[in-house]
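For reference, the structure is listed below as C-alpha cells.
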Amino acid sequence: MILITGATGHLGTAVLHTLLQKTPASQLAALVRDEAKATDLQARGVHIRVGTYADPAALDRAMQGIEKVLLISGGGDDEALQEHFNVIDAARRAGVRCLAYTSRALQNPATLVNQLMQRHFQTEEYIRASGLAYVLFRNALYMDTLPLFTGPQVLETGIHLPAGQGRVAYALRREMGEAIANVLLTDGCANRTYHFTGSAAYSFHDVAAALTAASGRPVAYTPAGQASFAAGMQQRGVPAVVIERTIGFMTDIQNGQEAQVSSELATILGHQPTALTEGVKLLYQL
Numbered sequence: 001m002i003l004i005t006g007a008t009g010h011l012g013t014a015v016l017h018t019l020l021q022k023t024p025a026s027q028l029a030a031l032v033r034d035e036a037k038a039t040d041l042q043a044r045g046v047h048i049r050v051g052t053y054a055d056p057a058a059l060d061r062a063m064q065g066i067e068k069v070l071l072i073s074g075g076g077d078d079e080a081l082q083e084h085f086n087v088i089d090a091a092r093r094a095g096v097r098c099l100a101y102t103s104r105a106l107q108n109p110a111t112l113v114n115q116l117m118q119r120h121f122q123t124e125e126y127i128r129a130s131g132l133a134y135v136l137f138r139n140a141l142y143m144d145t146l147p148l149f150t151g152p153q154v155l156e157t158g159i160h161l162p163a164g165q166g167r168v169a170y171a172l173r174r175e176m177g178e179a180i181a182n183v184l185l186t187d188g189c190a191n192r193t194y195h196f197t198g199s200a201a202y203s204f205h206d207v208a209a210a211l212t213a214a215s216g217r218p219v220a221y222t223p224a225g226q227a228s229f230a231a232g233m234q235q236r237g238v239p240a241v242v243i244e245r246t247i248g249f250m251t252d253i254q255n256g257q258e259a260q261v262s263s264e265l266a267t268i269l270g271h272q273p274t275a276l277t278e279g280v281k282l283l284y285q286l
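UniProt numbering numbers the first residue of the sequence shown as 1 and each following residue consecutively.
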C-alpha cells in the first residue's frame, strides 16, 4: 500500500489523480489533517489516515500496513524540518519499505540565499542517514506560481521583480504529480534521485513575451531593485519575514539557482512537459 501525505494539497491531489487511474484505490492511503476534506477520496475507496506531521502517535497509526510513503514537504513554519523528521522516524519504526520525498531542483544548496530551501537538503540528509530505501524528487519551481509572482494586474502593469536576468526551468505541478505517481508505481526504490524540471529555462523577459503573445497586449519585464521592491511590499503591509523570503527567492533566481534543466520529467511522462507559452495560456486563462 502507498501512503500519500499532504494528500488534499495541490501536489498530493495531482499525485493521487494519476495513482487512481493506474492502481486500485484499495492500495492507496491518504494522510490528511481534516477528514472532511477527504470525503471524495474516501468515497473512491482510498484509505484515510488522519494526522499531522507534528503528531508522532498519529503518524505511527498512519504507517500501519504501508509499504511505500510519499512525504510531501511541509510549509514554511519554524517546526517544518522537525516535522519532516517525525514522518521519517515513523516510517522507520513501521518498517516501511520505501520513502519518497519531494525536494527541490536547485543548482547549489551551499550558496542559497533563501535559507528556507535548506530544509529540503537537510531532510534529504536525514533520509539517507535513516537507513530507509528512498526516492528523492528534486522538483523545479511550479509554473503555477507565475500568477503569484507577477500579480493579478500583470497585463496592465507589466512585471516588476528583483530577479535580474535569472532563468527558471518551470514545470506544471500537475505534470510533476503525474510523474511522481508513475515513479511510485514502477520504481524499485533503489536510493535514486530524480530531477523533474521543464525542458527549457525561462527568464521573466520570456514570461513577459509569452503573456504578450497569449493576450495580444504588450507586457514588459522591468528588473526591480531589491530596496524599491521591498519598500513596495512594506507599503502593502506584507510582513517583514515574507519580504525577506521573497527577496531571497528572487536573488536565488537571479543567481541561477533555478536554471537547471533535466530530461527526466519528459522521460517519466513519456512526452515533453508543457512549454511556457501553453502554460501561460492555461494559468492566466488567456
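Backbone N, C-alpha and C define an ideal beta-carbon position, used for all residues, glycine too.
Computed from a predicted model, the values in this text were never measured in an experiment.
(request) Below 6 Å CB to CB, which residues in the same chain sit around residue 160 once its five sequence neighbours on both sides are set aside? (result) Within the sequence shown, residue 160 is the residue found at index 160, counting from 1. Taken in chain order, the residues that qualify are 222 and 224.
(message) Beta-carbon within less than 7 Å of residue 117's beta-carbon, same chain only, minus the 5 sequence neighbours each way: which residues are those?
(response) Walking along the sequence shown from the start, residue 117 turns up at place 117. Excluding positions up to five away in sequence, the list reads 104 and 106.
(request) In angstroms with no decimal places, state the Cα-to-Cα distance between residue 24 and residue 98. (result) Reading the sequence shown from its first residue, position 24 is the one you call residue 24. Reading the sequence shown from its first residue, position 98 is the one you call residue 98. About 19 Å.
(request) Locate the beta strand (DSSP E) running through residue 103, then write down its first and last residues. (result) For this step, residue 103 is matched to residue 103 along the sequence shown. 98 to 104 is the span of the beta strand (DSSP E), which, as asked, contains residue 103.
(message) Using 8 Å as the cut-off, can you tell me whether the stretch 251 to 266 makes contact with the stretch 190 to 197, which would need three or more C-beta pairs spanning the two stretches below that distance?
(response) yes
(request) Could you give the DSSP three-state label for residue 167: helix, strand or coil? (result) Taking the first residue of the sequence shown as position 1, residue 167 is located at position 167. Strand at residue 167.
(request) Have a look at the DSSP bridge pairing and note the partners of residue 22. (result) By one-based count along the sequence shown, residue 22 stands at place 22. The partner list for residue 22 (beta bridge, DSSP) is empty, contrary to what the question assumes.
(message) Here's the rule: buried if 16 or more other CB atoms are within 10 angstroms of the residue's CB, otherwise exposed. What is residue 83?
(response) Working through the sequence shown from its first residue, we reach residue 83 at position 83. Buried, since its Cβ has 16 or more Cβ neighbours within 10 Å.
(request) May I have the straight-line CA-CA distance separating residue 86 from residue 2, to the nearest angstrom? (result) On the sequence shown, position 86 is the one that residue 86 refers to. On the sequence shown, position 2 is the one that residue 2 refers to. Their Cα atoms are separated by approximately 18 Å.
(message) Using a 10 Å radius around the Cβ and a threshold of 16 neighbouring Cβ atoms, would you call residue 73 buried or exposed?
(response) Taking the sequence shown and counting its residues from 1, one reaches residue 73 at position 73. Flag for residue 73 reads buried.
(message) Considering Cα atoms alone, identify which of 142, 100 and 232 is closest to residue 171.
(response) For the purposes of this step, residue 171 is identified with residue 171 of the sequence shown, where counting begins at 1. Among 142, 100 and 232, the Cα nearest to that of residue 171 is on 142.
(request) Would you mind sorting residue 49 into buried or exposed? The rule is 16 or more other CB atoms within 10 Å of its CB. (result) If you number the sequence shown from 1, residue 49 lands on position 49. The residue in question, residue 49, is buried, as its Cβ has 16 or more Cβ neighbours within 10 Å.
(message) Buried or exposed, going by whether 16 or more other CB atoms sit within 10 Å of the CB of residue 252?
(response) To locate residue 252, count along the sequence shown from 1; it is residue 252. Classification of residue 252: buried, given that the 10 Å Cβ count is 16 or more.
(message) residue 248 and residue 113 - do their beta-carbons sit closer together than 7 Å?
(response) To locate residue 113, count along the sequence shown from 1; it is residue 113. To locate residue 248, count along the sequence shown from 1; it is residue 248. Yes.
(message) Under 8 Å, with one C-beta from each stretch per pair, do the stretch 151 to 169 and the stretch 48 to 63 reach the 3-pair mark?
(response) no
(request) Assign residue 203 to one of two classes, buried (16 or more other C-beta atoms within 10 Å of its C-beta) or exposed (fewer than that). (result) Looking up residue 203 in the sequence shown gives position 203. Residue 203 is buried by the Cβ-count criterion.
(message) For the pair the stretch 51 to 70 and the stretch 175 to 195, tell me if three or more CB-CB distances fall below 8 Å.
(response) yes
(request) Could you tell me if residue 139 is buried or exposed, where buried requires 16 or more neighbouring beta carbons within 10 angstroms of its beta carbon? (result) Position 139 of the sequence shown holds residue 139. Classification of residue 139: buried, given that the 10 Å Cβ count is 16 or more.
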